[in-house]
Amino acid sequence: MNESAASGDSSSGNQTISPKPTAKKKRNLPGTPDPDAEVIALSPKTLMATNRFVCEVCNKGFQRDQNLQLHRRGHNLPWKLRQRSSTDAKKRVYVCPEPNCVHHEPARALGDLTGIKKHFCRKHGEKKWKCDKCSKKYAVQSDWKAHSKICGTKEYKCQCGVVFSRRDSYITHRAFCDALADENAKTPLAAADAAQDLEAGLSSTPPPPQQQQAPAPEDPPPAAADVASSIVPDNRSDGNSNHVTELLDSTSANPSSSQILEESPNVTSFAARCSSSSCSGSSGSSSSNVFASLFASSTSSASLQPQTTGFTNIFQSIAPPDYAPDAAPSSSSEPVALCLAVNQGSSIFGNAGQERRQYPPAPQPALSATALLQKAAQIGAAAPNMSLLRGLGMVSSSSSPNSTEEWSQQKMETNGGSLASGLGLGLGCDSGSGLKELMLGTPSVFGPKHITLDLLGLGMAANGGSTAGYQL
Amino acid sequence: MFQEDGSSSVTSSPPSLMSPYPWLKDLKPEERGLYLIHLLITCANHVASGSLENANIALDQISHLASPDGDTMQRIASYFSEALADRILRAWPGVYKAFRSTRISVVAEEIHVRKMFFEFLPFMKVAFVISNQAIIEAMEGEKMVHVIDLNATEPTQWCALIRDLSARPEGPPHLRITGIHQKREVLEQTAHVLIEEAEKLDLPFQFHPVVSKLEDLDVEKLRVKTGEALAISSIMQLHTLLASDAGGNRSPLAPLKGVGVHLQRAAQMNQGTLGELLEKDMVNGYSPSTDSASSSPLSSMPSSPKIDGYLSALWGLSPKVMVVTEQDSDHNGTSLMERLSESLYFYAALFDCLESALPRASIERLKMEKMLFGEEIKNIIACEGGERKQRHERLEKWNQRFELAGFGNVPLSYYAMLQAKRLLQSYNCDGYKIKEDNGCVVICWQDRPLISVSAWRNRR
Numbered sequence: 001m002n003e004s005a006a007s008g009d010s011s012s013g014n015q016t017i018s019p020k021p022t023a024k025k026k027r028n029l030p031g032t033p034d035p036d037a038e039v040i041a042l043s044p045k046t047l048m049a050t051n052r053f054v055c056e057v058c059n060k061g062f063q064r065d066q067n068l069q070l071h072r073r074g075h076n077l078p079w080k081l082r083q084r085s086s087t088d089a090k091k092r093v094y095v096c097p098e099p100n101c102v103h104h105e106p107a108r109a110l111g112d113l114t115g116i117k118k119h120f121c122r123k124h125g126e127k128k129w130k131c132d133k134c135s136k137k138y139a140v141q142s143d144w145k146a147h148s149k150i151c152g153t154k155e156y157k158c159q160c161g162v163v164f165s166r167r168d169s170y171i172t173h174r175a176f177c178d179a180l181a182d183e184n185a186k187t188p189l190a191a192a193d194a195a196q197d198l199e200a201g202l203s204s205t206p207p208p209p210q211q212q213q214a215p216a217p218e219d220p221p222p223a224a225a226d227v228a229s230s231i232v233p234d235n236r237s238d239g240n241s242n243h244v245t246e247l248l249d250s251t252s253a254n255p256s257s258s259q260i261l262e263e264s265p266n267v268t269s270f271a272a273r274c275s276s277s278s279c280s281g282s283s284g285s286s287s288s289n290v291f292a293s294l295f296a297s298s299t300s301s302a303s304l305q306p307q308t309t310g311f312t313n314i315f316q317s318i319a320p321p322d323y324a325p326d327a328a329p330s331s332s333s334e335p336v337a338l339c340l341a342v343n344q345g346s347s348i349f350g351n352a353g354q355e356r357r358q359y360p361p362a363p364q365p366a367l368s369a370t371a372l373l374q375k376a377a378q379i380g381a382a383a384p385n386m387s388l389l390r391g392l393g394m395v396s397s398s399s400s401p402n403s404t405e406e407w408s409q410q411k412m413e414t415n416g417g418s419l420a421s422g423l424g425l426g427l428g429c430d431s432g433s434g435l436k437e438l439m440l441g442t443p444s445v446f447g448p449k450h451i452t453l454d455l456l457g458l459g460m461a462a463n464g465g466s467t468a469g470y471q472l
Numbered sequence: 001m002f003q004e005d006g007s008s009s010v011t012s013s014p015p016s017l018m019s020p021y022p023w024l025k026d027l028k029p030e031e032r033g034l035y036l037i038h039l040l041i042t043c044a045n046h047v048a049s050g051s052l053e054n055a056n057i058a059l060d061q062i063s064h065l066a067s068p069d070g071d072t073m074q075r076i077a078s079y080f081s082e083a084l085a086d087r088i089l090r091a092w093p094g095v096y097k098a099f100r101s102t103r104i105s106v107v108a109e110e111i112h113v114r115k116m117f118f119e120f121l122p123f124m125k126v127a128f129v130i131s132n133q134a135i136i137e138a139m140e141g142e143k144m145v146h147v148i149d150l151n152a153t154e155p156t157q158w159c160a161l162i163r164d165l166s167a168r169p170e171g172p173p174h175l176r177i178t179g180i181h182q183k184r185e186v187l188e189q190t191a192h193v194l195i196e197e198a199e200k201l202d203l204p205f206q207f208h209p210v211v212s213k214l215e216d217l218d219v220e221k222l223r224v225k226t227g228e229a230l231a232i233s234s235i236m237q238l239h240t241l242l243a244s245d246a247g248g249n250r251s252p253l254a255p256l257k258g259v260g261v262h263l264q265r266a267a268q269m270n271q272g273t274l275g276e277l278l279e280k281d282m283v284n285g286y287s288p289s290t291d292s293a294s295s296s297p298l299s300s301m302p303s304s305p306k307i308d309g310y311l312s313a314l315w316g317l318s319p320k321v322m323v324v325t326e327q328d329s330d331h332n333g334t335s336l337m338e339r340l341s342e343s344l345y346f347y348a349a350l351f352d353c354l355e356s357a358l359p360r361a362s363i364e365r366l367k368m369e370k371m372l373f374g375e376e377i378k379n380i381i382a383c384e385g386g387e388r389k390q391r392h393e394r395l396e397k398w399n400q401r402f403e404l405a406g407f408g409n410v411p412l413s414y415y416a417m418l419q420a421k422r423l424l425q426s427y428n429c430d431g432y433k434i435k436e437d438n439g440c441v442v443i444c445w446q447d448r449p450l451i452s453v454s455a456w457r458n459r460r
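Below, the structure written as C-alpha cells:
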C-alpha cells in the first residue's frame, strides 16, 4: 500500500497547463475540457494503480474519493484543512502518459478518469483478455466481455460450403470462389437464386462489434449487401474479376486491410451495390437515371431492403443487379488501372527532365480531346514547322486523303512532347529548343510569301484585316 | 450541316458561306481538332505578346471551326477562344463593362448546374466518400464531433456522415457542423436538410451557419471549443485563397494597359513585318500582358502570406483531421501560355469525361460546360490578380504548403481507397483511374490527374 502510494506521489505530476493554443474566449460545454480545468498527467503506474486517492497526511491510498474523505476525518485536521481546497474541487482532465499519443497533449485531454484508463489500456497496453471462440485479444475486460457475447453468433456461408465467422474473409473468399464463378456464368437467375439462398443461410443475430452496424433491424440490409457484393465479382466476366483480384492482391500487403474491410460493411455493401448497378445498362442515359437516385434515400430495389444507415444510403441504387457480360471486356484490357499505382509526376506537359512518356493505345475514340492534344504534342515535336503544317493537311492544294497518310507517317513517339513547342510556336521555360526553332523558323512560317501562311490566314487575312481594319 | 457522329467537318455555328477560309470545310474532325489546338496556341501567343491583330485573326478562324455543341475539341476551343477574347477585351475597360453590363446570373441555375456536376461526374462523390471515411476514422471514440465545412453547399456529404456516425458501434456522437458560405439562404437550405436527417436518425446535432466570404473568414466565429474533436473539410476552396496574395490593390486590368499600345502598332504594320514584330515581342518577353505578381516565373514557391496565414489559423484550431479536395493541375502559372497549356490538358480531360457521361445533345452537359468549366476557363485565362480565383495548383505544392503550416499527412486508409474505386467502377467508364500518391488519392482521366483528396492533422 505504502509502496504504491509512494510511487504515486513521486511520479505523478499535477500541472495546471492552460490547454488554450491561443488566447481565445471559450465557453464551457459539458464533455469538453474546460480551459481552466486542471490538467493531470499521471504516470502509467499511477494510472493503473488501484489506489489513486492518496491521503496527504499519511500517504494511504484509496480507490475512491469518498473513502479518502472518510479517512481524512480521522486525522483531526483543523477547519481550514478539512475543507477541500478550491483547486481540488476544480474540474480535472487527464492526459495520456504515452508521449506519442494524441491525448498526450493538454488540448486533447480527456475528462474522464475511467476513460483515460481504458484508452491507455486499449492503445498502449498489453492485451491480456482473449476470446475463447476466436483469437481476438483485448486489453480492457469490458471490451472482452462485450465481444464474447457476440462472437460466433453470426456466420457467413458461401455457396461452395465453406463457413466463415468473419465478414471480411467471407467477402474475400467470394471474390475468388470458383463455384460462384461457374454458377453465375450460367444465368443471371442462378446468381439471383444463389443470392437468395445466401440470405437465408445467414443467421439473424447482431454482428460482432468491430463491424459498424446498428443492431437487429439493420440485419437484412447487410445480408442483402452480401448478396450484392457476392454478385459483384462474379457478374462480370473474367476481366473484371481480375480487377477485384488485383485490387485485393495489390493491397493484400497492407496489414490493416482485413481490419479495415471489417470496419464498415455498410460501405462495402453500398460500393457493391454500386458496382452491381453498373452491370446494368451501359448507356449514358440509363446510368444517369441510376445515379440520379444514387443519393436519394427514399427508394430501394426489390431485392434490397430500405436502408437507414451508413453509406449505403448515399449510393443506393434502384436498379436490380443485372448481368451484363459485355460490360467487362473493354475494361479487361486495363486491369492495371485499379491497382494502387505510384504517382509518377503525371504532368504530361514535358517535365523538366523531358522524360519519355509512353501513351497507351487510347481505348477512347481518336476524337477525344485528350487524344488530340497528345497527338498534337507528338506530331509537333517530331516534325516542326513546314512538315507539320503540311501534315495537318493545311496546304490548300492537297486533298484530305493524302494528308491523313502523311499524318500517320509522322506519328511517332517523342521525348516529352511539349505541346506548344511541338506545334511550332514557342513556349516559355520548358521548351527551350522549341522556342529556338520557332524563332529561327519564324520567318519561313510566318513569312508572307510562304504558302503555309495561308493556312494561318496571316497572309491573306492580314491583307483583309488591315484593309478592313481592326477598328477601334 | 452538323451531324451527331462528327463525321461532318463544318460546325453548327452559323457558318458564313462567304468564309474567307474555304479549305476549312474539308477538314476531317481529327484534323479540325488539331488545327483548333494550333489556332488556340497561336492566338494565345499573340495575346500574350500583345499582337492583338493577329489574335483577332486567329479567333476569327477558330470561330469557323469551334462550336459549343460540336465534338469535344470544338467545345473546348469555343470556351477557350471566348476566354481569350474576354482577356483581349479587358484592354478596353469601357467596352468590356458595357458588354457585360446586361449579364444576369440566375442563382437557381447555378445551383442546378452544381447538382448536375455532382450527379454525372464522379469527382464530388468520390471526394465525399473519402473525406467522410477519413473523418469517421479520425473520430473513432469521440463523443463530441465538430465539423467545419468551408463551403457548405452540398448537404449530401453530411447526410452521409450523419448516417454513418449514427450507425457506429459505440453510438452516435454529438455532432456539430459549422457551414461557411456567402449566402445565408444556401446555408439555411443546407441546415434544413441536415437537421431533418439528424432528427430522423436521432443523432444529437447542431448546425451553425457562418455567413462570410472564405477569405474574410474570422476564425473566432467558428466557435471551436478546446478539446473538442474537430474536422475541417475543404472541397475545391483553398485555391481561391491564393488570389488574395496576388491581387490586393492591383486592378485586374492593369497588366493589360500596355496592350493598347501594341494594338496600334500592329494595326499600322503590314504583313511583311509581322514576323519581325513577333520575334521582337517574343524576345522582349511577355511583360506587358502577364501577371507580374510573382517576381520570377521560375520561382517554385512564391511567397503567399495570405494562404499561409490562413492555414496557420486552421492549424491553430487543432483539428483532428483536415480533409482537402483540390484540382490537381497547375493553373496558377505566371505566364498566360503556361496556364493555357496546362488548362487545355486539364479541361480536355474534363470535357472528355462529360463526353463519356452524357450525349452531345444533352442540355445538362451544355450547361455544365458553359457555366462551370467555361467560367473556370475564363477565369484562368482572362483574369489576373485578385479577380483570378481559379488558381489550381499541383498536389505537391499543396502538400508543401500544408507541411509548412504545421500539418502532417494522414495517409488515406485502404478502405477509403476501396470505396472510391468501387464508386468509380460503378460509373462503368474506362477512363477514370484512381491512384495513390504519398497517402493522397488522385482521380485521373486517362493518366491525367484531375482531383486529389488528402487528409492532414496537426503535426507535433
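Those protein sequence lines, which keep their order, are chains A and B.
Just so we're aligned: 188 in our numbering is position 188 of the first sequence, and the numbers increase by one with no gaps anywhere.
Just so we're aligned: 144 in our numbering is position 144 of the second sequence, and the numbers increase by one with no gaps anywhere.
Note that CB positions come from ideal geometry on N, CA and C, so glycine has one too.
Kindly indicate which three-state DSSP category residue i falls into: helix, strand or coil?
i	result
H392 (chain B)	coil
V453 (chain B)	strand
N332 (chain B)	coil
E154 (chain B)	coil
N409 (chain B)	strand
W463 (chain B)	Residue coverage of chain B in this structure runs from 1 to 460, which leaves residue 463 (chain B) outside it and unanswerable.
M139 (chain B)	coil
W92 (chain B)	coil
R339 (chain B)	helix
C440 (chain B)	strand
N458 (chain B)	strand
Using a beta-carbon distance below 8 Å, is residue i in contact with chain A?
i	result
A349 (chain B)	yes
G33 (chain B)	yes
S312 (chain B)	no
P411 (chain B)	no
V453 (chain B)	no
Below 7 Å, is the gap between the Cβ of residue i and the nearest heavy atom of the ligand PLP?
i	result
C43 (chain B)	The ligand PLP is absent from the structure shown, which contains no ligand whatsoever.
For chain B, is any of its Cβ atoms less than 8 Å away from the one on residue i?
i	result
A483 (chain A)	For chain A, the structure presents residues 1 to 472; residue 483 (chain A) sits outside this window and is missing.
A107 (chain A)	yes
T153 (chain A)	no
K375 (chain A)	yes
L372 (chain A)	yes
L113 (chain A)	no
S142 (chain A)	no
S148 (chain A)	no
How is the alpha helix (DSSP H) around residue i delimited, first residue to last?
i	result
I363 (chain B)	I363 to K367
P122 (chain B)	Counting along the chain, P122 (chain B) falls outside any alpha helix (DSSP H), and DSSP gives it neither H nor E.
M482 (chain B)	A question about residue 482 (chain B) goes unanswered here, because the residues of chain B that appear run from 1 up to 460.
M48 (chain A)	P44 to M48
Ignore the nearest five residues each way along the sequence and tell me which others in residue i's own chain have a CB closer than 7 Å to its CB.
i	result
K370 (chain B)	P68
V224 (chain B)	H146, L230 and L317
M337 (chain B)	A44, N45 and A48
P30 (chain A)	Residue confidence is low: P30 (chain A) scores 39 on pLDDT, short of 50, so the model does not pin down where it sits. No coordinate-derived value is stated.
Name the two residues that bound the continuous beta strand (DSSP E) containing residue i.
i	result
T325 (chain B)	V321 to Q327
F205 (chain B)	F205 to V211
Who are the Cβ neighbours of residue i in its own chain at under 8 Å, not counting the five residues just before and after it?
i	result
K130 (chain A)	K136, K137, Y138 and W144
**OP:** Report the residues of the stretch 66 to 96 of chain B with a CB closer than 7 Å to any CB of chain A, ordered along the chain.
**Re:** Answer set for the stretch 66 to 96 of chain B: D71, T72, M73 and I76.
Original post:
Relative to chain A, which residues along the stretch 137 to 164 of chain B have a C-beta separation below 7 Å, given in chain order?
Top reply: K143, M144, T156, A160, R163 and D164
**OP:** May I ask you to list, following chain order, the residues of the stretch 332 to 344 of chain B that have a beta carbon less than 7 Å from some beta carbon of chain A?
**Re:** S335, M337, E338, S341, E342 and L344
**OP:** Please list the residues of the stretch 162 to 176 of chain A that have a C-beta atom closer than 9 Å to any C-beta atom in chain B, keeping them in chain order.
**Re:** none
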